[in-house]
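This report concerns only the one structure given below.
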Amino acid sequence: MTPRCSDATWELDVSEPNEATFDIVILGGGSGGYAAALRAAQLDLSVALIEKGKLGGTCLHNGCIPTKALLHAAEIADQTRESEQFGVKAELVGIDMAAVNSYKDGVISRLYKGLQGLVGGAKNITFVAGAGKLVGKNVVEVDGKRYTGRNVILASGSYAKSLPGLEIDGERIITSDHALTLDRVPSSVIVLGGGVIGVEFASVWKSFGVDVTIVEALPRLVAAEDEESSKALERAFRKRKINFKVGKPFEKVEKTDNGVKLTISGGETVEAELLLVAVGRGPNTANLGYEEQGVKMDRGYVLTDERLRTSVPNVYAVGDIVPGLQLAHRGFQQGIFVAEEIAGQNPAVIDEAGIPRVTYSDPELASVGLTEAKAKEQYGDKVKTYNYNLGGNGKSQILKTAGFVKLVRLEDGPVVGVHMVGARVGELVGEAQLIYNWEAYPAEVAQLIHAHPTQTEALGEAHMALAGKPLHSHA
Numbered sequence: 001m002t003p004r005c006s007d008a009t010w011e012l013d014v015s016e017p018n019e020a021t022f023d024i025v026i027l028g029g030g031s032g033g034y035a036a037a038l039r040a041a042q043l044d045l046s047v048a049l050i051e052k053g054k055l056g057g058t059c060l061h062n063g064c065i066p067t068k069a070l071l072h073a074a075e076i077a078d079q080t081r082e083s084e085q086f087g088v089k090a091e092l093v094g095i096d097m098a099a100v101n102s103y104k105d106g107v108i109s110r111l112y113k114g115l116q117g118l119v120g121g122a123k124n125i126t127f128v129a130g131a132g133k134l135v136g137k138n139v140v141e142v143d144g145k146r147y148t149g150r151n152v153i154l155a156s157g158s159y160a161k162s163l164p165g166l167e168i169d170g171e172r173i174i175t176s177d178h179a180l181t182l183d184r185v186p187s188s189v190i191v192l193g194g195g196v197i198g199v200e201f202a203s204v205w206k207s208f209g210v211d212v213t214i215v216e217a218l219p220r221l222v223a224a225e226d227e228e229s230s231k232a233l234e235r236a237f238r239k240r241k242i243n244f245k246v247g248k249p250f251e252k253v254e255k256t257d258n259g260v261k262l263t264i265s266g267g268e269t270v271e272a273e274l275l276l277v278a279v280g281r282g283p284n285t286a287n288l289g290y291e292e293q294g295v296k297m298d299r300g301y302v303l304t305d306e307r308l309r310t311s312v313p314n315v316y317a318v319g320d321i322v323p324g325l326q327l328a329h330r331g332f333q334q335g336i337f338v339a340e341e342i343a344g345q346n347p348a349v350i351d352e353a354g355i356p357r358v359t360y361s362d363p364e365l366a367s368v369g370l371t372e373a374k375a376k377e378q379y380g381d382k383v384k385t386y387n388y389n390l391g392g393n394g395k396s397q398i399l400k401t402a403g404f405v406k407l408v409r410l411e412d413g414p415v416v417g418v419h420m421v422g423a424r425v426g427e428l429v430g431e432a433q434l435i436y437n438w439e440a441y442p443a444e445v446a447q448l449i450h451a452h453p454t455q456t457e458a459l460g461e462a463h464m465a466l467a468g469k470p471l472h473s474h475a
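Under full-length UniProt numbering, the residue at position 458 of the sequence shown is numbered 458, and the numbers go up by one with no gaps.
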């Protein structure tokens, strides 16, 4: 059984019998699903990879990649607008959304074709285009054809959620899916939700010249991050004139002649041309047969143990359908983990706290490990923190960015959390995750040499200070 690939079209040769057996049948070809398929193929396991949409899933087509392309275009707009402070005279004459979308779609297309080549070129992977359903404990059916797996991996991904009373029309009331394909720059937008998705779109639109207001029910923006990081982002957004209202639950929305009117707690109203509903993502598990086959669920999520095994033997789950961080790289690593688990390699359990987290707004937020509050819940008064201000970092001054590196450590123990705010700090989280995951002590990191001038020096300086030998900072 061999998949045929022609640019963006995938077909399955269905001239074969209506049943086929594989070592692994994977339902979903997003980050978790395709990673599992590629790793399993490397381990000489036969794989059926089933995907109803496009290979690569949400991340590649409707999430990580397109949003970050928009954010880079927004950064270029800001750099042009602010170029004179660097002695470069330039003028921002406007935003050509057709050209922005062409750039974004070009990035997606190149990555998509590369991924198609990887999967299509793997001798042990059969790609099945179509909507699958779990019809037996180890059987997935696609268009009347059954694929039996000695093991099954559920990787069906997520969808953009809404709230009761909010009808998404795709025109005035939109989700991130619609926002990624807008053919114009709106005059004003209300962003309902101050999490990662909400603040990233708010950042893009403000850079494009849009009047933006974020409405968030929780007491602060990006509430899952360390409180100091949230407060730093809020200060930066005030400076950028991005409006936000926190602790204000949504009550109702009405359409007006010119757009929408949102009523929030206390009767306050906000009006704009568009309303972006950015209240998170839900697990895409409805009508897929999971519960009918005995898979234990909770509010649509698939419950697993630490080895990603479901309640049904030899059935695993990865990615956004598993409770926890909804991040593409989490799903990717989980896919690799399950493939190795099935192959008998006994991989190390994934530490959820050790998964790096990045919010790509301006400024960026990046973190790994425990927040100060979570650390104190777990370890009490043994927790110590240190905040190194980027004002003392040469490269950050060159970039004209403000922010900090905050370390959370145990007294006479390792660093258990790293939290960073500032331009490009997402590029520092690689070293931060090594520090956390290898349970490094401040003195161990302090002896490493960080290139000058780089922002990584801020990580080094912070650890030097915690080790009792501050250089460009006060302990």
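Just so it is clear, CB atoms sit at the ideal spot from N, CA and C, and this is done for glycine as well.
Cβ neighbour criterion (16 or more within 10 Å) applied to residue i
i           : result
ASP169      : exposed
LYS406      : buried
residue 476 : Limits of the chain in this structure are 1 at one end and 475 at the other, which puts residue 476 out of reach.
ARG39       : buried
GLU216      : buried
GLN85       : exposed
ASP362      : buried
THR371      : buried
ILE398      : exposed
ALA462      : buried
GLU19       : exposed
VAL93       : exposed
PRO186      : buried
VAL212      : buried
N- and C-terminal bounds of the beta strand (DSSP E) containing residue i
i      : result
ALA20  : 19 to 27
ASN243 : 243 to 246
LEU49  : 47 to 51
ARG357 : 357 to 359
Span of the alpha helix (DSSP H), counted from its first residue to its last, around residue i
i      : result
VAL100 : 97 to 120
LYS68  : 64 to 81
THR456 : 456 to 466
ARG240 : No alpha helix (DSSP H) contains ARG240, which DSSP labels as neither H nor E.
LEU428 : It is not in any alpha helix (DSSP H) - LEU428 carries neither H nor E in the DSSP assignment.
GLN42  : 31 to 42
DSSP bridge partner residues for residue i (one or two, in chain order)
i      : result
LYS137 : Answer is none; LYS137 lacks a bridge partner.
GLY132 : VAL142
TYR441 : Answer is none; TYR441 lacks a bridge partner.
TYR147 : ALA20, VAL140
PHE127 : LEU49
VAL152 : VAL25, VAL315
Discussion item. Assess contact between the region 234 to 248 and the region 115 to 127, defined as three or more Cβ pairs (one per stretch) separated by less than 8 Å. Is contact present?
Written reply: no
Discussion item. Quick check on the DSSP output: what are the complete beta strand (DSSP E) runs of length 3 or more inside the region 250 to 334, in order along the chain?
Written reply: 250 to 255, 260 to 264, 269 to 272, 274 to 277, 281 to 283, 315 to 317
Worksheet item: What are the start and end residues of each continuous beta strand (DSSP E) run of 3 or more residues lying completely inside the region 363 to 421, in chain order?
Response: 364 to 369, 383 to 389, 404 to 410
Discussion item. Ignoring anything shorter than 4 residues, give me the alpha helix (DSSP H) runs that lie fully in the region 155 to 234, in order along the chain.
Written reply: 176 to 179, 196 to 207
Item to complete: Report yes or no: do the region 219 to 232 and the region 130 to 142 share at least 3 C-beta pairs separated by less than 8 Å?
Response: no
Practice prompt. State whether the region 231 to 240 contacts the region 383 to 392, with contact taken as three or more CB pairs (one from each stretch) at a distance under 8 Å.
Written response: no
Discussion item. Three Cβ pairs or more, each shorter than 8 Å: is that satisfied between the region 193 to 213 and the region 70 to 80?
Written reply: yes
Worksheet item: Do the region 408 to 425 and the region 441 to 460 touch if we need at least three Cβ pairs shorter than 8 Å?
Response: yes
Worksheet entry | Cβ contact check for the region 149 to 157 and the region 308 to 319: 3 or more pairs under 8 Å | yes
Worksheet item: Given 8 Å as the limit, is there contact between the region 346 to 366 and the region 379 to 386, that is, 3 or more CB pairs closer than that?
Response: no
Practice prompt. Inspect the CB distances between the region 273 to 286 and the region 172 to 188 and report whether three or more fall short of 8 Å.
Written response: yes
Practice prompt. Indicate whether the contact test is met: 3 or more Cβ pairs, each with one atom in the region 23 to 38 and one in the region 321 to 340, closer than 8 Å.
Written response: yes
Discussion item. Three Cβ pairs or more, each shorter than 8 Å: is that satisfied between the region 100 to 112 and the region 297 to 304?
Written reply: no
Fill in: Three-pair Cβ contact test at 8 Å for the region 437 to 454 versus the region 255 to 272
no
Worksheet item: Are the region 282 to 297 and the region 264 to 273 touching, with three or more C-beta to C-beta distances below 8 Å?
Response: no
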